[in-house]
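Chemist: Input: one structure, supplied below.
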Amino acid sequence: APPPEEISDLTEQLGSSGKTIHELEKVRKQLEAEKLELQSALEEAEASLEHEEGKILRAQLEFNQIKAEIERKLAEKDEEMEQAKRNHLRVVDSLQTSLDAETRSRNEALRVKKKMEGDLNEMEIQLSHANRLAAEAQKQVKGLQSLLKVRGGSRCGKSPYLETD
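Under the working numbering, the letters of the sequence shown match residues 240 to 404, in that order.
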């Protein structure tokens, strides 16, 4: 049998080991509780992260929809602007065509007016010439009548072709 001192030492060691085991068990339970707390916090953080990611995805989707709507409206406005530009160009072309036609018409009228003025001037010259010839002829007729009166005074007959005043 072992000596009593040794038994006492062993008993003391056993007691000390029991305390250590008890303390280790206590630490293990505490660590287990902390682990559960951390796991719960992690799950909560993951759930919160998923929720935030969902919000981000929804915001991204909404942003993309708004962006698409704005781009569609801008494209519509661009088309409206192009249509207005085409319409204005058509109006300008039409006005230019009308202006060109008016200009041609005016130029033609001026040409006709100048020609008519030239013709009128020519006619006035011809009329003046004809009046001069008629006046000269009238003078000759009067001269001949005078001559006939003087020469024909002794005659009884008058010429039916000559007028007398």
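We put the beta carbon where it would ideally sit given N, CA and C, even for glycine.
Please report the straight-line C-alpha distance between residue 370 and residue 390, rounded to a whole angstrom.
Modeler: Translated into positions along the sequence shown, residue 370 becomes position 131. Translated into positions along the sequence shown, residue 390 becomes position 151. Their backbone Cα atoms lie some 29 Å apart in a straight line.
Chemist: Who are the near neighbours of residue 246 in its chain, counting only those whose CB is closer than 8 Å to its CB and skipping five residues on each side?
Modeler: Translated into the one-based positions of the sequence shown, residue 246 becomes position 7. Taken in chain order, the list of residues that qualify is empty.
Chemist: Output the distance between the C-alpha atoms of residue 283 and residue 254, rounded to the nearest integer angstrom.
Modeler: Mapped onto the sequence shown, residue 283 falls at position 44. Mapped onto the sequence shown, residue 254 falls at position 15. In a straight line, the C-alpha of residue 283 is about 43 Å away from that of residue 254.
Chemist: At 4 residues or longer, what runs of the alpha helix (DSSP H) sit wholly inside the segment 346 to 402?
Modeler: The segment 346 to 402 contains no whole alpha helix (DSSP H) run of 4 or more residues.
Chemist: Considering only residues of the segment 295 to 349, which uninterrupted beta strand (DSSP E) runs meet the minimum length of 3 residues and lie entirely inside it, listed in chain order?
Modeler: For the segment 295 to 349, not a single whole beta strand (DSSP E) run of length 3 or above is found.
Chemist: When the Cα atoms are used, what is the spatial distance from residue 362 to residue 356?
Modeler: On the sequence shown, position 123 is the one that residue 362 refers to. On the sequence shown, position 117 is the one that residue 356 refers to. Looking at the two C-alpha atoms, the distance is approximately 10 Å.
Chemist: Consult DSSP for residue 280 and reduce its assignment to one of helix, strand or coil.
Modeler: For the purposes of this step, residue 280 is identified with residue 41 of the sequence shown, where counting begins at 1. If DSSP states are grouped into helix, strand and coil, residue 280 belongs with the helices.
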